[in-house]
């Protein structure tokens, strides 16, 4: 064992000891605010703590309306103002505190693996990760390969962005209903999927990874898209990072705060669920540490985020090229989850080959899937697809109705995306310097979360 590895192990053991001596404290406050539930987290500081907390809130489908974060030194203190998906204060409180404490505690890794799969009931499964060039009909071909080789897709998530596709699929053996362990069978599936991804002979890489076990789906999709450098393609193609002419481009600025030794990142864009998770994922993947941050969501039209960051080595950003790269990566992180096209919701009895049949009908009617969420709830398949025509334009209503009739009018429903109805209005810029002007900021100051700014 070399000195570096030994040092890392000692540091990990020390962090575990600190956590045992100072376990995370999570409180859920439903009385201080009239409109939101306050979740306060105090814990010994370790790299990744912020992402772990935000990931738990993300997994529980909570909407973060405001957040105040401070992690300078060996302790971090966060306050999140949250609601449920309908904008109401939370009813159940105990479950939230327990899950956050588990995510930050010494046994966090085992806890993460148990909650990672995007299904209601955990089952043994094989995970397939795919990245490649997006094209019309690609998803249909992928599902057809899996069906032909006796695989059942029990959960999946597919993102497309800047002509690239990333997907995480959870499959089981059609006969046994459990994970597939036969290495020859897995190798054959992997090679066939790779052939599908490289069919257009595009020089840009395609990749397949097959494993037995769980992963955090949305976390992996961000990592896969980042590793695939979708942010480079976005800027080379000169496209709006949101992918739509009807949606305002995110405004991201990156400046150094020399007197305090931080790099300050300001971000403004339309608000949507999981926005904080998406940006924190990217900062973490790029090896930045968030020391202080503020998120204010002013309704669906505008969200403001401000981060005080440094490299993991403690230094701020030192070059213009790095500054530009961070801006492009944050723009890409926001736009990856932006759903273009018509939202179609499918609910029916689950069966092997269902996804193959549905996506084949999409392809035959000239529809291209820009994003998909596949889940299984008991015996029911509950799937969401966002579709455009083959050129990326809005699908004609006649085409949608023809597809619905073929699949089943009661099975396939059309839903409107609340986050793409109209472009947002321009609003004023915010800064941490204005925190003390509201009741929430005063509350934060009394907690001592921003003493280091004074």
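In full-length UniProt numbering, the protein residues as written are 1 to 454.
In this text, a Cβ means the ideal position worked out from N, Cα and C, and glycines have one as well.
- Taken through DSSP and simplified to helix, strand or coil, residue 30 comes out as coil.
- For the region 311 to 385, the full-length alpha helix (DSSP H) segments reaching 4 residues or more read 320 to 336, 354 to 364 along the chain.
- The way I'd put it, the region 257 to 276 doesn't touch the region 35 to 45; fewer than three beta-carbon pairs between them come closer than 8 angstroms.
- Annotated three-state conformation of residue 305 is strand, per DSSP.
- If you keep only unbroken beta strand (DSSP E) runs of at least 3 residues inside the region 45 to 79, you get 63 to 70.
- Of the other Cβ atoms in all chains shown, 16 or more fall within 10 Å of the Cβ of residue 78; this residue is therefore buried.
- With distances taken between CA atoms, residue 291 lies nearest to 72 out of 62, 72, 31, 68.
- The region 84 to 103 makes no contact with the region 129 to 146; the number of CB pairs closer than 8 angstroms stays below 3.
- In the displayed model, residue 196 falls within a helix according to three-state DSSP.
- Cβ neighbours of residue 288 within its own chain (closer than 6 angstroms, five residues either side excluded): 309.
- Boundaries of the alpha helix (DSSP H) around residue 397: 397 to 407.
- Look at residue 262 here: in three-state DSSP terms it is strand.
- Residue 90: not part of any beta strand (DSSP E); DSSP gives it neither H nor E.
- Closest by C-alpha distance to residue 177, out of 197, 305, 152, is 152.
- Bounds of the alpha helix (DSSP H) holding residue 142 are 138 to 148.
- Only exposed fits residue 91, as fewer than 16 other CB atoms lie within 10 angstroms of its CB.
- Between residue 222 and residue 285, the gap from beta carbon to beta carbon is short of 8 angstroms.
- In this structure the region 358 to 376 does not lie against the region 257 to 264, because fewer than three pairs of beta carbons, one per stretch, are closer than 8 angstroms.
- C-alpha of residue 265 to C-alpha of residue 80: approximately 19 angstroms in a straight line.
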